[in-house]
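Below is one structure, written out as structure tokens; comments come after it.
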Amino acid sequence: MSSQCSDKFVGSILASWRYDISGIAPEMRGDYESHFASCAHCRSRRRLHRIIDFSLLGLTMASALMFLLAFGITFHFAPRHALLLEIAALFGFALSALVWIVVVLATPAPVVMLDAAKLGARHVAERLPPNVLERIPEELKARIAG
Ligand SMILES: [Zn+2]
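So the number in this note's numbering is just where the residue sits in the sequence shown, counting from 1, plus 15.
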């Protein structure tokens, strides 16, 4: 694996986008796509950044669930100072949810997921028998293909 970028100029642009080109119009992506194809350095960086994105999503979601669970336990067993603990748990939940939303908005992870879902739907659609395919509305077909 090469640890050097083959084109420092393109590489630095990609780095500033955190190696995410999903926000760029498809017809503008060609140069970057071909750079990813030829540059192992940027490919591995892109993979690393997406792993970070999904880890952040998973962590904040897990954190929100833990706070929700803490709230549920406190609510159920009603120990002393229950109200204080409940407020703390709800606050923690709200904070985790907020961080999760920020991660969703700031990272391309949802776009990557949507692309994967579209790709999956397209694979399924290709395998459907023609009589079933005819019943799928045209609008939905266009959306899967696009
Ligand atoms: Zn590169």
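We treat Cβ as the ideally placed atom computed from N, Cα and C, and that holds for glycine.
Where residue i falls, given that 16 or more other Cβ within 10 Å makes a residue buried
i, result
"P123", "buried"
"V126", "exposed"
"F82", "buried"
"R62", "exposed"
"H91", "exposed"
"K155", "It should be noted that the sequence gives Leu, not Lys, for residue 155. Burial call: exposed."
Whole-angstrom C-beta distance between residue j and residue i, which should lie under 8 Å
i, j, result
"L72", "W115", "7 Å"
"C20", "H64", "About 14 Å; that fails the 8 Å criterion."
"K133", "I151", "Their Cβ separation, rounded to whole angstroms, is 14 Å, which puts K133 and I151 out of contact at 8 Å."
Cut-off 7 Å between Cβ atoms - residues of its own chain near residue i, not counting five sequence neighbours on either side
i, result
"S78", "S111"
"A93", "none"
"S17", "With a pLDDT of 49 at S17, under the threshold of 50, the modelled position of that residue is not reliable, and the figure given next carries that caveat. Same-chain partners within the cutoff: A55 and H56."
"T75", "S111, V114, W115 and V118"
"A97", "T89"
Limits of the alpha helix (DSSP H) - the one that residue i falls within
i, result
"C57", "A55 to F92"
"I28", "K23 to S31"
"L113", "A97 to A121"
"R44", "It is not in any alpha helix (DSSP H) - R44 carries neither H nor E in the DSSP assignment."
"L155", "E153 to A160"
Residue closest to residue i, alpha-carbon to alpha-carbon, out of the options
i, options, result
"D68", "D35, I159, E42 and G107", "D35"
"L8", "A109, F92 and L143", "Residue 8 lies beyond the residue range present for the chain, which begins at 16 and ends at 161; the question has no answer from this structure."
"M128", "I66, F90, V117 and L74", "I66"
"R58", "V25, A40, I39 and A97", "V25"
"L29", "A136, E48 and R137", "E48"
Cβ neighbours of residue i in the same chain (closer than 6 Å, five flanking residues each side left out)
i, result
"A85", "A104"
"R44", "I36"
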